[in-house]
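Enquirer:
There are 2 protein chains.
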Amino acid sequence: MTKKAVNNIVLIGSGNVATRLGIALTEAGYKISQVYSPRAKSAALLAKKLRAEAISDLKKLTKDGVVYIIAVKDDAIEGLAKKIKLKSAILVHTSGSVKMDVLKKSSHNHGVLYPLQTLSKDKKVDFRNIPLCIEASNKATELSLLYFAKSISGHVIKVNSSQRRTIHLAAVFACNFSNYLYSVSENILKKEKLSFDLLKPLIAETAAKVKTISPAKAQTGPAARGDKKTIEMHLKMLKDKKHKEIYKLMTKNIMKP
Amino acid sequence: MTKKAVNNIVLIGSGNVATRLGIALTEAGYKISQVYSPRAKSAALLAKKLRAEAISDLKKLTKDGVVYIIAVKDDAIEGLAKKIKLKSAILVHTSGSVKMDVLKKSSHNHGVLYPLQTLSKDKKVDFRNIPLCIEASNKATELSLLYFAKSISGHVIKVNSSQRRTIHLAAVFACNFSNYLYSVSENILKKEKLSFDLLKPLIAETAAKVKTISPAKAQTGPAARGDKKTIEMHLKMLKDKKHKEIYKLMTKNIMKP
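Chains as they are written, first to last, in the numbering used here: chain V, 1 to 257; chain C, 1001 to 1257.
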């Protein structure tokens, strides 16, 4: 399967993942033929960017696509798949947690292409640095997806559904929950009219550290030192019950990992 | 106070902060005259790097120092300060949570120089990007410390003890607790023999995002979407009680911030 052979790709979805994936594929030389979204405006906006046809009715889905990519919210994937029937074309979704099997009635050749990154429509990203986890219903599809994925990312790995779910779960801790802690720290500073900018170099360095040191070894702070005096002072300072609860739990766990 | 006027700086401590601060000051043209540590080897190691005299007995402390910097663990600051009596020289500590007052009996001119960063002996860092929070016992000392701090950092701010404690508390959430979450994610992956490397681009991007978007607005993931199906699946997958407890608490808070 060469780039020419797959120069008919259909994007089902027009959100953050669809946008970033569509741009990466276009830049890698692929041709996106259609962009589907039930919201016509959203489909049109992305289709224009990718020089593709916008459709908002699944009946208009081309039969000539080689790879069909469902990049929509997790809970919408199964419903959409039910409305799609393909002959031999490859159908994939891009979710970290949805089973591959939800696509099996739509195409014999189905799979998953899960980009392990937080993507935003409006934020440029170098797709070559994004790990792409792939899974496929059969060896031929796997080969096709491997080739396809490697042409846009330098970090392609084969995983099964269970491993993909584990990776997604770990990502929730490392990304979603960390971001929530950032927002707590912003909140604590705001109440005292201090700027969140102060913490930005520290946040960047904390994240950069794990590139070279295991986070378990890099752990610092009052809990890691067993500094009970500071911990008690912090608990007194925290007025927000939620913040206090988080502080207590995290401290307890860091002290007895 | 020019650089020449303060070319006699004494470092009390030889750990991560003392090392990084000593190097930054030397590079900025200051002269470190002495490095004190009760552990002679440790004092000698840093003193050699800074071309200073190593001492491990406080009785040998020079009387000619202009600025004396106590950069030791929080719970050792007060004890050390009790053994130091200065005439007019400036005495500072570098802690985020210890009160400035613990230094008042040691020198009329005392203060705090708190670098808001996670520092390691062995990891180079550009001190100009590190926010330095300063506090001083009087206006003259404040001016001196402002000048002194600005000569090594581009981000110097005046704070009082209460604000400094707040900043330190916020940093515990943003840095120490985030790092703990990274270690949880590493643990989850390891159990399934998956590499932590997979998450590194995501961790970097999540931290980079807050440079331009408020973390409250950048929040994504199952909890932010109210995706109960995925949340339930994740809770079933988590076998470690501690991890489950964190997942529940963070999810509850993200859903009702």
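Here a beta-carbon is modelled for each residue, glycine too, at the ideal position from N, C-alpha and C.
These numbers come from a predicted model, not from an experiment.
Under the DSSP definition of a beta bridge, which residues are partnered with Tyr-114 of chain V?
Expert: Tyr-114 of chain V pairs with V:Cys-133.
Enquirer: Name the chain V residues whose beta carbon is nearer than 7 angstroms to that of Glu-1205 of chain C?
Expert: Per Cβ cutoff of 7 angstroms: Gln-117 and Thr-118.
Enquirer: Determine, using beta carbons only, whether Ser-1042 of chain C comes closer than 9 angstroms to chain V.
Expert: No, Ser-1042 of chain C does not count as interfacial toward chain V.
Enquirer: For Lys-1269 of chain C versus Cys-1133 of chain C, is the C-beta distance shorter than 9 angstroms?
Expert: Lying before the first or after the last residue shown, residue 1269 of chain C is absent from chain C, which here runs from 1001 to 1257.
Enquirer: Under the rule that 16 or more other beta-carbon atoms within 10 Å means buried, what is Ala-1018 of chain C, buried or exposed?
Expert: When all chains shown are included, Ala-1018 of chain C counts as buried.
Enquirer: Chain C beta carbons: is any one of them nearer than 9 angstroms to that of Lys-242 of chain V?
Expert: Chain C contact via Cβ: present.
Enquirer: Put Val-1067 of chain C into one of helix, strand or coil per three-state DSSP.
Expert: In this structure, Val-1067 of chain C counts as strand in the three-state DSSP scheme.
Enquirer: Using a cut-off of 8 angstroms between C-beta atoms, extract the partners of Gln-163 of chain V located in chain C.
Expert: The contacting residues are Glu-1192 and Leu-1194.
Enquirer: Tell me the residue span of the alpha helix (DSSP H) that contains Leu-25 of chain V.
Expert: Start and end: 16-27.
Enquirer: Restricting to Cα atoms, I'd like to know which of V:Val-112, V:Ala-204 and V:Gly-226 is closest to Ala-149 of chain V.
Expert: With distances taken between Cα atoms, Ala-149 of chain V lies closest to V:Val-112.
Enquirer: What did DSSP end up calling Gln-1034 of chain C once you bin it into helix, strand or coil?
Expert: It is a strand residue.
Enquirer: For Lys-99 of chain V, I'd like the list of residues in its chain whose CB is within less than 8 angstroms of its CB, leaving aside the five on either flank, ordered along the chain.
Expert: Counting only Cβ-Cβ distances below 8 angstroms, and skipping sequence neighbours, we find Ser-161.
Enquirer: With 9 angstroms as the threshold, decide whether the Cβ of Val-112 of chain V is near any Cβ in chain C.
Expert: For Val-112 of chain V, the answer is no, since every Cβ of chain C falls outside 9 angstroms of its Cβ.
Enquirer: Taking Cβ-Cβ distances shorter than 7 angstroms, what residues in chain C pair up with Pro-215 of chain V?
Expert: Those are Asn-1179, Tyr-1182, Ser-1183 and Glu-1186, listed as they occur along chain C.
Enquirer: Can you list the residues of chain V that Glu-1245 of chain C reaches, using a CB-CB cut of under 7 angstroms?
Expert: Those within 7 angstroms of Glu-1245 of chain C in chain V are Leu-249.
Enquirer: One question on the structure: do Gln-1163 of chain C and Leu-21 of chain V come within less than 9 angstroms of each other, judged by their Cβ atoms?
Expert: The answer is no: Cβ separation not under 9 angstroms.
Enquirer: Smallest Cα separation from Lys-1228 of chain C: which of V:Val-156, V:Asp-75 and V:Phe-196?
Expert: Minimum Cα distance to Lys-1228 of chain C is reached at V:Asp-75.
Enquirer: For Ile-1130 of chain C, tell me which candidate among V:Lys-248, V:Glu-205, V:Gly-79 and V:Val-156 has the shortest Cα-Cα distance.
Expert: Closest by alpha carbon: V:Glu-205.
Enquirer: Would the stretch 42-54 of chain V and the stretch 82-98 of chain V be scored as touching if the rule is three or more Cβ pairs under 8 angstroms?
Expert: Segments in contact, no.
Enquirer: What does the alpha-carbon distance come out to for the pair Lys-1191 of chain C and Val-1184 of chain C?
Expert: About 11 angstroms.
Enquirer: Residues in its own chain within less than 6 angstroms of Asn-16 of chain V by CB, not counting five upstream and five downstream?
Expert: Excluding sequence neighbours, Asn-16 of chain V sits near Leu-119, Ser-120 and Lys-121.
Enquirer: Quickly, what does DSSP pair Glu-1053 of chain C with across the bridge? List them, please.
Expert: Looking at the DSSP assignment, Glu-1053 of chain C forms a beta bridge with C:Gln-1034.
Enquirer: Can you tell me which of C:Lys-1252, C:Ser-1088 and C:Pro-1222 puts its alpha carbon nearest to the alpha carbon of Lys-241 of chain V?
Expert: Comparing Cα-Cα distances from Lys-241 of chain V to each of C:Lys-1252, C:Ser-1088 and C:Pro-1222, the minimum goes to C:Lys-1252.
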